[in-house]
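What follows is a single structure, written as structure tokens, with notes after it.
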Amino acid sequence: MKTKKVYTFLMAGVIGMSALTGCGINKDEVVATYKGGKAKLGEANFIARYNQLTKGSLYKQQAAGDIWNMDLTGNGTTMADSEIERSLEEYHEMLTMQAHQKEKGVELTKDEKAKIAEASKKFIKDNKKDALEEMTATESVVNEYLTLCTIKEKMYNEIVKDADDKVSDADANMSSYTAIKIDTLQKYDPQTGQKSIYTDAERNKINETAQKISDEISNGADMKTTAEKYGYTTTESSYAKDDENLDAAVKKELNSLNEGQVSKLIKTQAASYIVRLDKKVDEKATATHRTQIIQTRKQQLYSKILKKWQKKDNWKVKKSAMKKISFKNDLSKKQTKKN
């Protein structure tokens, strides 16, 4: 999470229910210990409840019901349990970065400290007392959270400076193509959302249609018009040489084509394809892919350093304290009255 975004959200100050019972958490209780320090329950609870608030609003746009009590994995773990655990890992990560900031010469500037102090005061001022108690959100807790966020961001930037940012043209290259995909193994019923296997008779008929489409396009018919004529569509996409999502047979055929050339019918186990190579080098997609490769290298380097440091910090979670963090009350409901 970028610090700038944290500032923006905290200063918005639209959180909390109008009548919370309060979680009764002792913010000074230790939730975890590590070499050289202790993690406080107040900060851990704040991070978890802040994530409950921000992510809960997003989840509610995607699904109805009590999101946090859902067990989406089927292993007996609720969404709340998973998020609380992830939040504690996030806290651990930030504390790790703080513990090693001198190694990278990272310090907060006077301006950053001033912005953090301003955002912390505004957050406390703009939100209800009961909601703040629920989040264990004192000015010092919020200040500490924003401080850790800022250190983490600056540490990330310092660590990834050592990542390899050189990507060969061959590795970065993205080729663009247009495809018609004709499923030959199973069909999808949009009304029931169910899939079923085609019968041999259905499959034979589909294969005949696929061959007709291929023959017509080979004889000069427009690819898009022909696909629609038989109830199919064309899709435009791009691929790299290491693309694992594209069927190997399709990729092999694309690699053999010249720009503008259309393939014969490509048969795979689950579908038949007709593809046209549009550009051997799609400059826009290639530039994006190059950036993605570099970003992946940076994240991998950061994760490697983080793992190395955490392996030696003797982090131990106090489960009895962690269990006191609860998503029972919904912080994503808007306030209905003023203090």
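Everything in the sequence shown is counted per our numbering, starting at 2 for the first residue and increasing by one.
Note that the Cβ used here is the ideal one computed from N, Cα and C, for glycine as well.
{"Check": "Give me the Cβ distance between Lys317 and Thr97, rounded to the nearest whole Å; I'm assuming they're in contact under 8 angstroms.", "Outcome": "14 angstroms between Cβ atoms; not a contact."}
{"Check": "Just how far apart, CA to CA, sit Ala100 and Gln195?", "Outcome": "52 angstroms"}
{"Check": "Please say whether Ala40 and His93 have beta carbons closer to each other than 9 angstroms?", "Outcome": "yes"}
{"Check": "Go ahead and pull the three-state DSSP assignment for Leu278.", "Outcome": "strand"}
{"Check": "On the criterion of 16 or more Cβ atoms from any shown chain inside 10 Å, does Thr185 qualify as buried, or is it exposed?", "Outcome": "buried"}
{"Check": "Which ranges would you report for the alpha helix (DSSP H) in the region 158-198 if only whole runs of at least 4 residues count?", "Outcome": "170-173"}
{"Check": "With DSSP run on the structure shown, which of helix, strand or coil describes Ser58?", "Outcome": "helix"}
{"Check": "Return the residue from the list Val143, Ser219, Ser238 and Val31 that minimises the CA-CA distance to Ile117.", "Outcome": "Val143"}
{"Check": "Does the region 102-114 touch the region 149-161, meaning 3 or more C-beta pairs lie closer than 8 angstroms?", "Outcome": "yes"}
{"Check": "Assuming Thr235 contacts Ile181 (C-beta within less than 8 angstroms), just tell me the rounded distance between them.", "Outcome": "6 angstroms"}
{"Check": "From which residue to which residue does the beta strand (DSSP E) around Ser238 run?", "Outcome": "Thr235 to Tyr240"}
{"Check": "CA-CA distance, Ala171 and Lys242?", "Outcome": "8 angstroms"}
{"Check": "For Ala164, which of Asp29, Met323 and Ile295 has the nearest alpha-carbon?", "Outcome": "Ile295"}
{"Check": "Should Val282 go down as buried or exposed, given a rule of 16 or more other Cβ atoms within 10 Å for buried?", "Outcome": "exposed"}
{"Check": "Is it right to say Thr226 is buried, meaning 16 or more other beta carbons lie within 10 angstroms of its own, or is it exposed?", "Outcome": "exposed"}
{"Check": "Give the range of the beta strand (DSSP E) segment to which Ala33 is assigned.", "Outcome": "Val31 to Tyr35"}
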